[in-house]
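Have a look at the structure below, then the notes.
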Amino acid sequence: MVYRLAYQFAGNHYDAEDIAQDVFIKVFRSLDRFRYDAQLTSWLYRIVMNACIDHKRRHAPAGWAPFTEDAELRMANTPEERPGPEEQAYGGQLGEVLEAEVARLPPGQRLVFTMRHHEGLKLTEIADALGLAEGTVKRQLHAAVHRLRAALTRARVTAGGPA
Amino acid sequence: MINCAVDVDLYFYGELDGAARARVEAHLRDCAACRQRLDDLHAIRQALADRPVVDAPPTGDWSGFMRRLESACAAAEPAARPAYSAAGSSAPSVDAAARPSGPRTAARAVAGVAAMLTIAALGVYLAMRARESAPAARPVVRVAAAARPAAAAADPLREATAEHLERSKLVVLGLTALDPRQTRAADWQYERQLAGTLLDDTRLYRQAAQQRGMADVARVMRDLETVLIETSMSDSTDREALARVQRLIAKRDLVMKMQLAATN
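Chains as they are written, first to last, in our numbering: chain A, 52 to 214; chain P, 1438 to 1701.
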């Protein structure tokens, strides 16, 4: 679960290994604070999510924050600097195009989308793990879905399918 | 009045309660644009579901990752909390990084790395559970073998028991990770089966340890045996069974004891 999430967030093995390593070190350091009557997976999710954010923060410009209101606004408009689906082979698999778009999502959106779509966590669980208001998580999810939907439409148009 | 786009998303992800859900369903009957939004979400789900799941380093080779993790653990060890005390009590809940580092001993380093690798094995185990692959095919066994503490290598019996404890952690940690309120019998079928297969070996190791005067190993094997019996004999229809096993694990402090026994 740790590696899968790290890879989905990072989009490459190099960073995924970095994040997974951070997670295991954090788990080790905080193992004495884990209550054995608590859900281990929820606890791990929280650590993985924070490790993803920390990893991004380390490689981002000073002052970067994933979930402030300003960052939220920026996220809605500013994609990550990665090759977009337009630069990929549209004739290829739709899944590849969408996966590339997920990788281009701003980190906050990507994290929320991954946790909800791939891991199946409820929005309340994500909000709780990230220490965010549920409304913020909803907006992040909606923004992510909006962009994926747009990518889907573009891909269909390019492929000559139904728009 | 509904916010179409947002509510269709929430509807798709099952985040709406009954009344809101009914409102969206009624709206969907009249709104072609929202039906298209919903269809798009299904298409996105289908397309992403067809992509391969990446939950391991390339070619499934964890050895490089484990080596780097060992190095990172060794480097992090002075700042980390000490390994579990002999009494098995937890360290105070203070931030490890803020705590003055004590003298670094080889034993503590080994214990720290072993604990870390156990956690790594648990991560791999959770990934394996999610994939529902056959027990024999699970690469976690390779990870567990790589995680075997160097200290155990000096004595063949201790080495064998350490390996057995690593395998048994799959069951014990797997059981502690489940929420009894949300777990159906089928969800811990794997643990019940594995507990049954580990039982005979556990008994043999306990007897061998007793004969060799290895009291610490004998004690942890006895506790493990008790948990494995309780797990393997659990009635799948008994809704309290999992909670009972978890209480037993906690009462015997089994996770800590297994950790200690594997690093001694």
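No residue lacks a Cβ here, since even glycine has one placed at the ideal position from N, Cα and C.
Determine the DSSP secondary structure at residue i, reduced to helix, strand or coil.
| i | result |
| --- | --- |
| Met100 (chain A) | helix |
| Leu172 (chain A) | coil |
| Gly146 (chain A) | helix |
| Ser81 (chain A) | helix |
| Pro158 (chain A) | helix |
| Pro1489 (chain P) | coil |
| Thr1674 (chain P) | coil |
| Leu203 (chain A) | helix |
| Thr1620 (chain P) | coil |
| Ala184 (chain A) | coil |
| Tyr141 (chain A) | Low local confidence applies: a pLDDT of 46 at Tyr141 (chain A) is under 50, so the model's placement there is unreliable, and no value is given. |
| Pro1494 (chain P) | coil |
| Glu1452 (chain P) | coil |
| Trp1499 (chain P) | coil |
| Pro1586 (chain P) | Residue placement at Pro1586 (chain P) is flagged as unreliable, the pLDDT there being 45, under the threshold of 50; the coordinate-derived value follows with that caveat. DSSP places Pro1586 (chain P) in coil when its eight states are reduced to three. |
| Ala1544 (chain P) | Residue confidence for Ala1544 (chain P) is low, a pLDDT of 46 falling below 50, so the modelled location carries little weight; the figure read from the coordinates is stated next. Three-state DSSP puts Ala1544 (chain P) in a helix. |
| Val1578 (chain P) | A caution first: Val1578 (chain P) carries a pLDDT of 30, below 50, which makes its placement in the model unreliable, though a value can still be read off. Three-state DSSP puts Val1578 (chain P) in a helix. |
| Val196 (chain A) | helix |
| Met1695 (chain P) | helix |
| His106 (chain A) | helix |
In the DSSP assignment, find the alpha helix (DSSP H) that holds residue i and state where it starts and stops.
| i | result |
| --- | --- |
| Pro1593 (chain P) | 1593–1613 |
| Glu1462 (chain P) | 1455–1467 |
| Gln1648 (chain P) | 1626–1648 |
| Thr1668 (chain P) | 1652–1669 |
| Arg1689 (chain P) | Taken as a continuous stretch (DSSP letters only), Arg1689 (chain P) belongs to no alpha helix (DSSP H), as it is neither H nor E. |
| Gln57 (chain A) | The displayed chain sequence assigns Ala, not Gln, to residue 57 (chain A). Per DSSP, Ala57 (chain A) belongs to the alpha helix (DSSP H) from 53–61. |
| Tyr1448 (chain P) | 1441–1449 |
Assuming residue i and residue j form a contact by the criterion Cβ under 8 Å, report the distance between their Cβ atoms to the nearest whole angstrom.
| i | j | result |
| --- | --- | --- |
| Leu1607 (chain P) | Thr1639 (chain P) | About 13 Å; that fails the 8 Å criterion. |
| Thr1663 (chain P) | Leu1685 (chain P) | 7 Å |
| Phe164 (chain A) | Leu192 (chain A) | 6 Å |
| Tyr1448 (chain P) | Val1461 (chain P) | 4 Å |
| Val74 (chain A) | Ile98 (chain A) | 6 Å |
| Ala1632 (chain P) | Thr1668 (chain P) | 4 Å |
| Met100 (chain A) | Ala180 (chain A) | 6 Å |
| Pro1617 (chain P) | Leu1691 (chain P) | Their Cβ separation, rounded to whole angstroms, is 17 Å, which puts Pro1617 (chain P) and Leu1691 (chain P) out of contact at 8 Å. |
| Asp1492 (chain P) | Tyr54 (chain A) | 5 Å |
| Gln1683 (chain P) | Thr1613 (chain P) | 6 Å |
| Ile185 (chain A) | Ala178 (chain A) | A quick correction: the sequence has Glu, not Ile, at residue 185 (chain A). Contact holds; Cβ gap of about 4 Å. |
| Leu149 (chain A) | Leu199 (chain A) | 6 Å |
| Val196 (chain A) | Leu1475 (chain P) | That pair is no contact at about 11 Å. |
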